[in-house]
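**Student:**
Written out as structure tokens, the structure is:
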């Protein structure tokens with residue numbers, strides 16, 4: 022090491038160069054900003070004449086890598102990444118929602134999404150109509166000249182009601198359809214192929230798959246994704262480079278994880294039916310589910326890793342007994358981790374609704390949601406049955 026290097030200014034140290042090779046795994050660009058050579062390069066990057074980056078709130082190589090991967094998986098022109106799934110949804114509202122405009126929304130949407138719509142209505146006058154996403158004609162009836170977009174989930178949380186995307190797209194005409202496909206991922210359905218203009222995911226769930234990121238993604242036309250990226254930058258809803266990198270790594274095993282999760286979930290659902298501690302089981306591939314016929318045609322490879330079931334007993338008290346008796350399957354207010362978890366919709370995702378509103382949706386105080394992980398089916402069935410037996 023030369024004398025000059027030994028006396029170098031510490032704040033100027035740390036630059037890395039891969040030399041004539043490149044890393045086998047994409048590196049993490051954990052940098053707030055990017056250096057430019059001169060004003061000409063700055064202008065060229067800013068207006069898009071030259072590829073490059075200036076500030077991570079606007080864009081970052083890890084953002085682009087994940088966005089491009091999602092666009093490829095979704096059969097879309099482009100993708101965008103956000104700090105969370107709710108940031109992705111909020112960016113859609115802020116980009117597509119006009120002042121005094123109108124949105125058609127599934128009444129079974131995630132509770133926080135309903136809260137967002139209510140806030141947008143109070144503060145900006147954006148009106149919305151709630152419809153049954155399993156009845157396409159309700160979308161046609163709800164359309165007005167002010168309708169900006171419609172928002173549905175591929176499979177609703179927690180009762181797993183399936184939306185017929187093709188029929189809803191036809192009912193909407195030229196109104197853009199936005200689909201939250203968090204529960205299904207592009208492995209099980211490619212929503213753009215069924216008419217969706219924008220597809221969003223909470224990438225914290227299956228896309229990443231390990232319960233260690235907070236991230237959202239969207240896909241659609243290049244023009245629309247650019248608009249969403251600008252909105253996210255303005256509102257500070259940009260993703261973290263490291264979490265984008267983690268999610269891109271998770272995508273590498275997504276097909277394998279979804280295959281196992283779907284098979285295990287079906288086996289568990291079939292075993293829960295008839296257990297004396299369980300009332301109703303909500304799972305689309307059971308033939309008594311309201312979406313069974315659509316599920317078998319639209320989702321031949323499975324409907325994901327979620328099952329909801331109602332316990333025979335008295336409200337939250339029986340659910341609490343179930344949770345306390347479950348030594349190996351923990352309670353978690355999220356889903357799609359590598360491990361199996363349980364949750365209580367009335368106290369988590371839909372706690373912001375009144376009890377009457379929840380019951381109108383079919384969400385009872387005895388309802389438990391199971392998010393199936395990567396453990397063997399036989400192990401999970403044994404643990405669940407052992408826990409349920411304690412309630413008898």
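Numbering (the numbering used here), first residue to last: 22 to 413.
Glycine residues also receive a C-beta, built at the ideal position from the N, C-alpha and C atoms.
Bear in mind the structure is a predicted one, so any value in this text is a computation, not a measurement.
If we call anything under 8 Å between Cβ atoms a contact, is residue 77 one with residue 262?
**Tutor:** Yes; because the gap between Cβ atoms is below 8 Å, this pair is in contact.
**Student:** Identify whether residue 181 lies in helix, strand or coil by the three-state DSSP scheme.
**Tutor:** Looking at residue 181 - three-state DSSP - the assignment turns out to be coil, as it is neither helix nor strand.
**Student:** In chain order, what residues of the same chain have a beta carbon less than 7 Å from the beta carbon of residue 408, not counting five sequence neighbours either side?
**Tutor:** Only 343, 346 and 347 meet the Cβ criterion.
**Student:** Which two residues bound the contiguous alpha helix (DSSP H) that contains residue 201?
**Tutor:** Premise fails: residue 201 lies in the beta strand (DSSP E), 198-201, not in any alpha helix (DSSP H).
**Student:** As a quick exercise: from 362, 161, 225 and 230, pick the residue whose alpha carbon is nearest that of residue 195.
**Tutor:** For residue 195, the nearest C-alpha among the options comes from 161.
**Student:** For residue 381, count the other beta carbons within 10 Å of its own beta carbon; 16 or more makes it buried, fewer makes it exposed. Which is it?
**Tutor:** Looking at its Cβ environment, which holds fewer than 16 other Cβ atoms inside 10 Å, residue 381 is exposed.
**Student:** Identify, in the order they occur along the chain, each residue of the same chain with its Cβ nearer than 7 Å to the Cβ of residue 24, setting aside the five sequence neighbours on each side.
**Tutor:** Only weak support exists for where residue 24 lies, its pLDDT of 46 falling under 50; the value from the coordinates is given anyway. Correct list: empty, nothing qualifies.
**Student:** Looking at the unbroken alpha helix (DSSP H) that takes in residue 390, where does it start and where does it end?
**Tutor:** Counting along the chain, residue 390 falls outside any alpha helix (DSSP H), though it belongs to the beta strand (DSSP E) covering 388-392.
**Student:** Whose C-beta lies closer than 6 Å to the C-beta of residue 80 among residues of the same chain, with five residues either side of it excluded?
**Tutor:** So the list reads 74, once near-sequence residues are dropped.
**Student:** Nearest CA to the CA of residue 366: which residue from 378, 221, 286 and 178?
**Tutor:** Among 378, 221, 286 and 178, the Cα nearest to that of residue 366 belongs to 178.
**Student:** Count the other C-beta atoms from every protein chain shown that fall within 10 angstroms of the C-beta of residue 68, then say buried if there are 16 or more, exposed otherwise.
**Tutor:** Classification of residue 68: exposed, given that the 10 Å Cβ count is below 16.
**Student:** Tell me the start and end of each unbroken alpha helix (DSSP H) in the segment 96-175 that is at least 4 residues and wholly inside, in chain order.
**Tutor:** Whole alpha helix (DSSP H) segments, 4+ residues: 106-117, 132-145 and 157-163.
**Student:** Distance check for residue 319 and residue 192, CA to CA, integer angstroms please.
**Tutor:** Their backbone Cα atoms lie some 18 Å apart in a straight line.
**Student:** By DSSP, does residue 414 sit in helix, in strand, or in coil?
**Tutor:** Residue 414 falls outside the range modelled here, since the chain spans only 22 to 413, and no answer is possible.
**Student:** Tell me the residue span of the beta strand (DSSP E) that contains residue 50.
**Tutor:** Unbroken run through residue 50: none, as it is neither H nor E.
**Student:** Tell me, please, which residues DSSP counts as bridged to residue 330.
**Tutor:** Note: residue 330 sits in a beta bridge opposite 302 and 389.
**Student:** Going by other Cβ atoms of all chains shown within 10 Å of its Cβ, with 16 needed for buried, is residue 312 buried or exposed?
**Tutor:** By the neighbour-count rule (16 or more Cβ atoms within 10 Å), residue 312 is buried.
**Student:** Excluding five sequence neighbours on each side, which residues of the same chain lie with their C-beta closer than 6 Å to the C-beta of residue 296?
**Tutor:** If we look at residue 296 and ignore the five residues flanking it on each side, its Cβ neighbours are 409.
**Student:** Please classify residue 96: is it buried, with 16 or more other beta-carbons within 10 angstroms of its beta-carbon, or exposed?
**Tutor:** Exposed, because fewer than 16 other Cβ atoms sit within 10 Å of the Cβ of residue 96.
**Student:** Which residues bound the alpha helix (DSSP H) around residue 265?
**Tutor:** 262-272 is the extent of the alpha helix (DSSP H) around residue 265.
**Student:** Looking at the structure shown, is residue 75 part of a helix, part of a strand, or coil, going by DSSP?
**Tutor:** If DSSP states are grouped into helix, strand and coil, residue 75 belongs with coil.
**Student:** Starting from residue 241, trace the beta strand (DSSP E) both ways and give me its first and last residue.
**Tutor:** Looking at the DSSP string, the run of the beta strand (DSSP E) that includes residue 241 is 237-241.
**Student:** Suppose you measure from the CA of residue 98 to the CA of residue 217; what does that come to, to the nearest Å?
**Tutor:** Computed Cα separation, rounded: 13 Å.
**Student:** Does residue 192 come out as helix, strand or coil in the three-state DSSP assignment?
**Tutor:** Helix.
**Student:** Beta-carbon separation of residue 101 and residue 249 under 8 Å?
**Tutor:** For residue 101 and residue 249, yes; Cβs fall inside 8 Å.
**Student:** In the structure shown, what three-state DSSP assignment does residue 213 receive?
**Tutor:** Helix.
**Student:** From residue 298 to residue 332, what does the alpha carbon distance come to, in whole angstroms?
**Tutor:** Each residue's Cα considered, the two are about 6 Å apart.
**Student:** Between residue 212 and residue 202, is the Cβ-Cβ spacing less than 8 Å?
**Tutor:** Yes, they are a contact pair.
**Student:** What are the boundary residues of the beta strand (DSSP E) that includes residue 282?
**Tutor:** Unbroken run through residue 282 is the alpha helix (DSSP H), 275-293; no beta strand (DSSP E).
**Student:** Would you call residue 184 buried or exposed, if buried means 16 or more other Cβ atoms sit within 10 Å of its Cβ?
**Tutor:** Looking at its Cβ environment, which holds 16 or more other Cβ atoms inside 10 Å, residue 184 is buried.
**Student:** Assign residue 274 to one of two classes, buried (16 or more other C-beta atoms within 10 Å of its C-beta) or exposed (fewer than that).
**Tutor:** Its Cβ having fewer than 16 others within 10 Å, residue 274 is exposed.
**Student:** Let me know the secondary structure DSSP gives residue 11 once reduced to three states.
**Tutor:** With the chain covering 22 to 413 only, the question about residue 11 has no answer from this structure.
**Student:** Less than 8 Å between the CB atoms is what I'm expecting for residue 154 and residue 148, so what's the real figure, rounded?
**Tutor:** Actually they do not touch by this definition, with Cβ atoms about 18 Å apart.
**Student:** Does DSSP classify residue 415 as helix, strand or coil?
**Tutor:** A query on residue 415 cannot be resolved here, the shown segment of the chain reaching from 22 to 413 and no further.
**Student:** Can you name the residues that DSSP bridges to residue 352?
**Tutor:** 363.
**Student:** Please report the straight-line C-alpha distance between residue 61 and residue 231, rounded to a whole angstrom.
**Tutor:** Their backbone Cα atoms lie some 43 Å apart in a straight line.
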